[in-house]
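Heads up: the structure comes next, in structure tokens.
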Amino acid sequence: MNSDSVIGILSWWDGVELWLSGRGFILQTIIVMPVVLALAYVMAVAGDRILFLLFSTANRVARWYQVARRHPAENPVAVVVPGDLS
72 MNSDSVIGIL
82 SWWDGVELWL
92 SGRGFILQTI
102 IVMPVVLALA
112 YVMAVAGDRI
122 LFLLFSTANR
132 VARWYQVARR
142 HPAENPVAVV
152 VPGDLS
């Protein structure tokens, strides 16, 4: 993005603000609320997915760490002694 496009976006945004500030309060509310609600919904969904990934990764690491720390005596493997083979 070069500086001309940024200046163009900023001047467009200034025009939108000027147009919106010239409207009455109720009309401003009717115009702004759908945009704000849509942005809030998108942010909530994104936050939910990010937290789900973080917690599932933390859970996976915790389970791996728990298995790695298990002592040999805790493993559910039957011990065979030479006397039992006959």
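Every letter in the sequence shown is one number past the one before it in this note's numbering, and letter 74, counting from 1, is 145.
Heads up, the beta-carbon is just placed ideally off N, CA and C, and yes, glycines get one too.
Tell me the rounded alpha-carbon separation between SER127 and VAL107.
Straight-line measurement puts the Cα of VAL107 at about 30 angstroms from the Cα of SER127.
Practice problem: Compute the beta-carbon to beta-carbon distance between LEU91 and GLN99, rounded to the nearest angstrom, for a pair I have assumed lies under 8 angstroms. | Solution: Right, the Cβ-Cβ distance comes to about 6 angstroms (below 8 angstroms), so this counts as a contact.
| query | Where ILE97 and PRO105 are concerned, what is the direct C-alpha to C-alpha distance, given to the nearest angstrom? | reply | Rounded to whole angstroms, ILE97 to PRO105 spans 13 angstroms at the Cα level.
> Run through DSSP, which three-state label would ARG131 get?
Replying inline: Helix, per DSSP.
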